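**Student:** So that we are looking at the same thing, I have put the structure below in structure tokens.
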């Protein structure tokens, strides 16, 4: 559990819209820091409940084969920061350098993914304004993809709209698993009690996997069984759809599908509640 250290933030309560709010973070523990910090800066208290854990793929065979033929790809498309990190880790392990990527154009699903590529010295040619697969498809026009070879390094569980649509547009697409998301061994007994006693103000979800695994961890068929009286915040519409598919209601959906965008949306929600 993390608490905001400075409850006397300059500007008073109006500058701390999350003061005294208890907000659950379901991101992987290793990636929860930024969200916790931003919530804490606005006066909130965060409770960690990691619902996903990042692990290597069960086999590197297909990834290694793709890296061995990396010079044959016209496009590399990265759909997450995790995908970038795991791909580059394996690439360096096999080749010892990033030079093999110079012949391919790179697309990143959003600014955080692009920033991770930039830190490795790689500048993506495409970063869509809409931070989702559909955004990339909007930029990569149909008439430019005929005959192109595309590599998408991603998680084992992901939507297929991107590779399927690119194939329909005439591209040859290889999807390779660079990491897996699994349900961690998280003790949820205390949080379950807090939720049932309505002592949690909000639960945040930053991917569809966090939603699905939350339901698995708490062994509920419907999110309404546990979150009927608790607000749910989602990083974007795909996550929202997953929440609704599992019987929940998203009170907050970020307009910008980033951690910063999510926190802004959460703050706006609680400011609106305070005025009611």
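In this note's numbering, the protein residues as written are 4 to 279.
Using N, Cα and C, we set each Cβ at its ideal position, and we do this for glycine too.
It should be emphasised that the depicted structure is a prediction, and the values quoted were computed from it without experimental measurement.
1. Which partner residues does residue 156 have in the DSSP bridge list?
2. Under the DSSP definition of a beta bridge, which residues are partnered with residue 51?
3. Return the CA-CA distance between residue 261 and residue 238, expressed in angstroms with no decimal places.
4. In the structure shown, what three-state DSSP assignment does residue 203 receive?
5. Can you grab the Cα-Cα spacing for the pair residue 206 / residue 51, in whole Å?
6. Pop quiz: residue 230 and residue 251 are said to be a contact at Cβ under 8 Å. What is the actual Cβ separation, rounded to whole angstroms?
7. Does the stretch 135-150 come close enough to the stretch 165-185 to have 3 or more Cβ pairs within less than 8 Å?
8. Among the candidates 136, 156, 132, 169, whose CA atom is the shortest distance from the CA of residue 146?
9. Quick one: Cα of residue 144 to Cα of residue 138, how far?
10. Tell me the DSSP bridge mates of residue 96?
11. According to DSSP, residue 109 sits in a beta bridge with which residue or residues?
12. Closest to residue 123 by C-alpha separation, out of 136, 112, 141, 90, would be which residue?
13. On the CB-based measure, 16 or more other CB atoms within 10 Å of its CB, does residue 83 come out buried or exposed?
14. Is residue 25 closer than 8 Å to residue 203 when the C-beta atoms are compared?
15. If the criterion is Cβ atoms closer than 8 Å, does the pair residue 234 and residue 256 meet it?
**Tutor:** Inspection of the coordinates gives the following:
1. DSSP output for residue 156 lists 179 as bridge partner(s).
2. Answer by DSSP bridge pairing, in chain order: 28.
3. Cα to Cα, the separation comes out at about 7 Å.
4. Looking at residue 203 - three-state DSSP - the assignment turns out to be coil, as it is neither helix nor strand.
5. Answer to the nearest angstrom: the Cα atoms are 10 Å apart.
6. Distance from residue 230 to residue 251 at the Cβ level is roughly 6 Å; contact confirmed, criterion being Cβ atoms closer than 8 Å.
7. Result yes; three or more Cβ-Cβ pairs closer than 8 Å.
8. Minimum Cα distance to residue 146 is reached at 169.
9. Cα-Cα distance, rounded: 11 Å.
10. The partner list for residue 96 (beta bridge, DSSP) is empty, contrary to what the question assumes.
11. Answer is 79.
12. Of 136, 112, 141, 90, the smallest CA-CA separation from residue 123 is found for 90.
13. Per the 10 Å Cβ criterion, buried.
14. In this structure, residue 203 sits near residue 25, with a CB-CB distance shorter than 8 Å.
15. The answer is no: Cβ separation not under 8 Å.
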